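Peer 1: If you count the sequence shown from 1, you need to add 650 to reach our numbering.
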Amino acid sequence: MGLHVVVIGAGIVGAATAVELLRDGHRVTLVEPGAPGGEQAASFGNGAWLSPASVVPMSMPGLWKKVPGYLLDPLGPLTIRWAALPHLAPWLLRFLSAGATEAKVEATARALSALLADAPERHQALAAEAGLSDLIVRRGLLYAYPGRAAFEAEALAWRLRSDNGVAWRELDGPALRAFEPALDPRYGFGVLVEAGAHCQDPGAYVAGLVAYAKRLGLHHVPAGATGFDIQDGRLKAVRTFQGEVACDRAVIAAGIRSRPLAAAAGDRVSLASERGYHVVLADPEVSPRTPVMPSDGKMANTPTRAGLRASGQVELAAVDAEPNWKRADVLLDHLLNTYPGLPRQVPEARLTRWMGHRPSTPDGLPVIGPAAASADIVHAFGHGHVGLACGPITGRLVADIIADGPPARPLMPYRADRFR
Ligand SMILES: Cc1cc2nc3c(=O)[nH]c(=O)nc-3n(C[C@H](O)[C@H](O)[C@H](O)COP(=O)(O)OP(=O)(O)OC[C@H]3O[C@@H](n4cnc5c(N)ncnc54)[C@H](O)[C@@H]3O)c2cc1C
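1) Around the C-beta of residue 891, are 16 or more other C-beta atoms found within 10 angstroms, so that it is buried, or is it exposed?
2) According to the neighbour-count rule (16 or more other Cβ atoms, all chains shown, within 10 Å of its Cβ), is residue 732 buried or exposed?
3) What I want to know is whether the C-beta of residue 614 ends up closer than 8 Å to one or more non-hydrogen atoms of ligand 1.
4) Quick check on DSSP: helix, strand or coil for residue 795?
5) CB of residue 762 to nearest heavy atom of ligand 1: below 8 Å?
6) Counting pairs of beta carbons, one from the region 738-750 and one from the region 874-881, are three or more of them closer than 8 Å?
7) What do you reckon, are the CB atoms on residue 981 and residue 949 nearer than 9 Å?
8) Could you check what DSSP says for residue 676 in three-state terms: helix, strand or coil?
9) Is the beta carbon of residue 908 less than 9 Å from the beta carbon of residue 1032?
10) One question on the structure: do residue 671 and residue 1052 come within less than 9 Å of each other, judged by their Cβ atoms?
11) Find the nearest neighbour of residue 788 within the set 769, 920, 763 and 757, judged by alpha-carbon distance.
12) For residue 878, verify whether its CB is less than 8 Å away from any heavy atom of ligand 1.
13) Mind listing, in chain order, the continuous alpha helix (DSSP H) runs of no fewer than 4 residues lying wholly within the region 897-965?
14) Straight-line CA distance for residue 993 to residue 930?
15) In angstroms, rounded to a whole number, what distance separates the CA positions of residue 958 and residue 695?
16) What are the boundary residues of the beta strand (DSSP E) that residue 1002 is part of?
17) Are the Cβ atoms of residue 792 and residue 941 separated by less than 9 Å?
18) As a quick exercise: from 691, 796 and 901, pick the residue whose alpha carbon is nearest that of residue 833.
19) Counting along the chain, where does the beta strand (DSSP E) carrying residue 890 start and finish?
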């Protein structure tokens, strides 16, 4: 028998979850104050990588030694804003602890791999079902290094990938130039993950999934959720700024804004914004065929429908702090230096900049599973750097939980009570 399920939030996680629930025969109401897949969502502006190789957590052994440098360099690839430090300290300590040993990062990589290994196939299937196949491109993903030594310096990261079944092809200088002629010749070594894919327009993809869900019967309430009416452990309604929506089940998929909702559902979770930026260069004179991650830039260069997108940077700061647009300019400068066929100066009219919030837990794993105050409420947030890729499997897991059936993956690593 179909239930009435309220999905809170229409980023990739909420959109994919809504489709899975509708396919399972439930009645679904989406509570989302913004445009689905709009600029307010991390799902709009990300690097668009759908990568089985993204199993390497941010926190790795030895990272703690670099923290003083991060505090002193406001434009480095990872920055911590001083003003946010007291508030962020508990998250930061957990973050450093999560990467303290090889054993810990091996466990994290395994848990990420369970969500990422078939991400390209899941996106292809979901996009095909929704009539959006042209948005998902499977042409591989390329890591570019100055030389083999720089690749070997990341031996632990590549061992984690190899341990989790990620295969790659190594390209020496001439092979790299033949594969990606637009790249600057300072890159002398490439690693191609052929199984990887990318999305040509993540915002349009999410909007398209919600439009498809509407054709399946989805109802959209354009309001923000504020909490829940729970009586004797059973969910009665989701509270919104525009009144209550009576329902049987609810899914918290509000990205970085999920923490207060999780608290209202009985779970204190550790969630911080790893803010990131992008710059898009419209009508680029040259563009890589395949998305590229230049190792010296710690960013993704992705060909999208709007132009060549450079995205990245990690800025630990309060959610509502003003963006530091100089960080987008760091991305732009690096982009122009990575492809010599691009001009040194670009007219402002060809550029767009964006800042968004990776919803990040300190251990790099999402929160997926029933809530403490009522098992009628399901958490589906905290996907940090890999939320676009993990959207479809998360939607499937949520639908499995609501169906009370065996989950497509063991849920243990993602449970909410691990922060207690
Ligand atoms: C610079 C950058 C690069 C990235 N690159 C990649 C990448 O290449 N590959 C990858 O897989 N991931 C990447 N990510 C991460 C990825 O974008 C996120 O993990 C993912 O988009 C999170 O999706 P979400 O649906 O959980 O949240 P969001 O996309 O943020 O959506 C949450 C939605 O909830 C809504 N909402 C908020 N509060 C409420 C409320 N109270 N009631 C109702 N609705 C609410 C918001 O309006 C929003 O629409 C990147 C992120 C950034 C910032």
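All C-beta atoms in this analysis are idealised placements derived from N, C-alpha and C, irrespective of residue type, glycine included.
Treat the numbers as computed from the prediction; the structure is a model and nothing was measured.
Peer 2: With the given structure in hand:
1) For this step, residue 891 is matched to residue 241 along the sequence shown. Counting other Cβ atoms within 10 Å of its Cβ, residue 891 stays below 16 and is therefore classed as exposed.
2) Position 82 of the sequence shown, counted from the start, is the residue given in the question as residue 732. Residue 732 comes out exposed.
3) Outside the shown range of the chain, which is 651 to 1070, sits residue 614, and nothing can be said about it.
4) Locating residue 795 in the sequence shown gives position 145, counting from the first residue. In the structure shown, the three-state DSSP call for residue 795 is strand.
5) Sequence index remark: in the sequence shown, residue 762 carries index 112 (1-based). With a threshold of 8 Å, the Cβ atom of residue 762 does not count as near ligand 1, since no heavy atom of the ligand is closer than that.
6) Verdict: no, contact absent.
7) Numbered from 1 along the sequence shown, position 331 holds the residue referred to as residue 981. Numbered from 1 along the sequence shown, position 299 holds the residue referred to as residue 949. Yes, the pair counts as a contact, with Cβ atoms nearer than the cut-off.
8) Position 26 of the sequence shown, counting from 1, holds the residue named residue 676. Residue state, collapsed to three classes: coil.
9) Taking the first residue of the sequence shown as position 1, residue 908 is located at position 258. Taking the first residue of the sequence shown as position 1, residue 1032 is located at position 382. Taking 9 Å as the Cβ cut-off, residue 908 and residue 1032 qualify as a contacting pair.
10) Residue mapping note: residue 671 aligns to position 21 of the sequence shown, counting from 1. Residue mapping note: residue 1052 aligns to position 402 of the sequence shown, counting from 1. In contact: residue 671 and residue 1052 (Cβ atoms closer than 9 Å).
11) One-based indexing of the sequence shown puts residue 788 at position 138. Ranking the options by Cα distance to residue 788, first place goes to 769.
12) Within the sequence shown, the letter at position 228 stands for residue 878. Relative to ligand 1, residue 878 has its C-beta separated by 8 Å or more from all heavy atoms.
13) Taking 4 residues as the shortest admissible run, the region 897-965 contains the following complete alpha helix (DSSP H) segments, listed from N- to C-terminal end: 908-914.
14) Translated into positions along the sequence shown, residue 993 becomes position 343. Translated into positions along the sequence shown, residue 930 becomes position 280. Straight-line Cα distance between these residues: approximately 14 Å.
15) If you number the sequence shown from 1, residue 958 lands on position 308. If you number the sequence shown from 1, residue 695 lands on position 45. Taking the CA atoms as reference points, residue 958 sits about 12 Å from residue 695.
16) Walking along the sequence shown from the start, residue 1002 turns up at place 352. Annotation for residue 1002: the continuous beta strand (DSSP E) segment containing it runs 1001-1010.
17) For the purposes of this step, residue 792 is identified with residue 142 of the sequence shown, where counting begins at 1. For the purposes of this step, residue 941 is identified with residue 291 of the sequence shown, where counting begins at 1. Cβ atoms of residue 792 and residue 941: closer than 9 Å.
18) Locating residue 833 in the sequence shown gives position 183, counting from the first residue. Taking only the C-alpha atoms, the option nearest residue 833 is 796.
19) The count along the sequence shown starts at 1 and reaches residue 890 at position 240. For residue 890, the enclosing beta strand (DSSP E) starts and ends at 884-890.
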